[in-house]
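Enquirer: Here the sequence shown is numbered in our numbering, starting from 1 and rising by one per residue.
I'd like to ask you about the structure that follows.
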Amino acid sequence: MEKWTKKERYTFEDLLAIVRLLRAPDGCPWDRVQTHHSIRNNFIEETYEAVEAIDTDDMSLLKEELGDVLLQVALHTRMEEEQGSFDMTDVTTGICEKLIYRHPHIFGSVEADDVDTVLNNWDALKKKEKGQQTAADSLQAVARSLPALMRAEKVQSRARKAGFGFESADSCRADMQSELQELEQALASEDGQEIFHEAGDVLFSAVNLARMAGVPAEETLGAATDRFIQRLTLVEQFAAEEGKTLSELSAVEADRLWKRAKEQ
């Protein structure tokens, strides 16, 4: 094993060196057996933890979580470096070339004085770079691994840019009402597959309506879930004051305490 000297401050190159040591044949038994797939979920978790630090404005935590994200980048890159596929310089070269190519108003002669022009240029260059010749190509390129609400919103946005989509929130509402009716029919039929499809259509319509209203669906549902937890916490407290647990509440009692929690 190569020698290692402790420092007060470490660089990105130090991180890469540590990862090489951990992945070496005589390195850490856990790190050296990991694969892209075995730590896939770690990447997702670390990214979400960084996002949570942003949401809570905790910059100390953000500093830590960004380090964890960098570790995931270093590990995945090292795995491919061991196979002779690519190394970190290839990764940084790729992103630098992409940034230069997609910012011709900075690194070229194109003029772009406002955000909309920049975004339109970015989208056009990305389509050209990815070989996306049709609207379908653009939609199919949206990662399936994205959270479902985010993916739906992105697909809808790209479809709208291609000229296919609702013109107003009113038309979105009408579509959602139609989808709700179809879901009710599916529920009445007790056809599991049909219910599955129609429930999905209702959710997709809800995302469309939120997008048309300028509300991010993923964050909206997250906030609604937080409110539900807060209100249920209050309901449980109210029930305890009356000498009951949640499971002991009747439907009428539960509704009464829920309304009280909403008011509070």
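Don't be surprised by glycine CBs; every beta carbon is placed ideally from N, CA and C.
According to the Cβ coordinates, are Glu-49 and Asp-26 closer than 8 Å?
Expert: For Glu-49 and Asp-26, no; Cβs fall outside 8 Å.
Enquirer: Measure the Cβ-Cβ separation of Phe-164 and Ala-135 and say whether it is below 8 Å.
Expert: Taking 8 Å as the Cβ cut-off, Phe-164 and Ala-135 qualify as a contacting pair.
Enquirer: So, Thr-245 versus Ala-239, is the Cβ gap smaller than 8 Å?
Expert: It is a contact, given that the beta carbons lie within the stated cut-off.
Enquirer: Rounded to whole angstroms, how far is the Cβ of Ile-39 from the Cβ of Gln-83, which I believe are closer than 8 Å?
Expert: About 16 Å separates the two Cβ atoms, so there is no contact after all.
Enquirer: At the level of alpha carbons, what is the spacing between Ala-224 and Phe-86?
Expert: Those two C-alpha atoms are separated by around 43 Å.
Enquirer: Please confirm whether Arg-231 and Trp-258 have their CB atoms less than 8 Å apart.
Expert: Against a cut-off of 8 Å, the Cβ pair of Trp-258 and Arg-231 comes out as a contact.
Enquirer: Spatial neighbours of Arg-173 within its chain, please: CB distance less than 8 Å, with the 5 preceding and 5 following residues excluded, ordered by chain position.
Expert: Taken in chain order, the residues that qualify are Leu-209.
Enquirer: For Ser-205, is the classification buried or exposed, using 16 other Cβ atoms within 10 angstroms of its Cβ as the cut-off for buried?
Expert: Its Cβ being crowded by 16 or more others within 10 Å, Ser-205 is buried.
Enquirer: With the cut-off set at 8 Å, would you say Met-79 and Thr-35 are in Cβ contact?
Expert: Result yes, Cβ atoms of Met-79 and Thr-35 sit closer than 8 Å.
Enquirer: Do three or more CB pairs link the stretch 142 to 152 to the stretch 186 to 194 at distances below 8 Å?
Expert: Result no; under three Cβ-Cβ pairs closer than 8 Å.
Enquirer: Roughly how many angstroms lie between the CA atoms of Lys-130 and Ala-24, to the nearest whole one?
Expert: Distance between the alpha carbons of Lys-130 and Ala-24 is about 36 Å.
Enquirer: Return the chain-ordered list of same chain residues with a C-beta closer than 7 Å to the C-beta of Leu-61, the five sequence neighbours on each side being excluded.
Expert: Counting only Cβ-Cβ distances below 7 Å, and skipping sequence neighbours, we find Ala-53.
Enquirer: Span of the alpha helix (DSSP H) holding Thr-220?
Expert: Residues 217 to 241.
Enquirer: To test your reading of the DSSP string, which unbroken alpha helix (DSSP H) runs of 4 or more residues are found completely within the stretch 138 to 204?
Expert: List check, alpha helix (DSSP H) in window: 148 to 161 and 169 to 189.
Enquirer: Quick check on Ile-39: does DSSP put it in helix, strand or coil?
Expert: If DSSP states are grouped into helix, strand and coil, Ile-39 belongs with coil.
Enquirer: Between which two residues does the alpha helix (DSSP H) holding Thr-280 run?
Expert: Because the chain spans 1 through 264 in this model, residue 280 falls outside it and cannot be assessed.
Enquirer: When burial is assigned at 16 or more other CB atoms within 10 Å of the CB, is Arg-158 buried or exposed?
Expert: Buried, by the Cβ-count rule.
Enquirer: If Met-88 sits next to Leu-16, beta carbons under 8 Å apart, how far is it from one beta carbon to the other, in whole angstroms?
Expert: Sure, about 6 Å apart at Cβ, within 8 Å.
Enquirer: Buried or exposed: where does Ala-186 fall if 16 or more other Cβ atoms within 10 Å of its Cβ makes it buried?
Expert: Ala-186 comes out buried.
Enquirer: If you draw a straight line from the alpha carbon of Asp-90 to that of Ser-171, how long is it in whole angstroms?
Expert: Taking the straight line joining both Cα atoms gives about 48 Å.
Enquirer: Looking at the secondary structure, which residues open and close the alpha helix (DSSP H) in which Leu-257 lies?
Expert: Unbroken alpha helix (DSSP H) run through Leu-257: 251 to 263.
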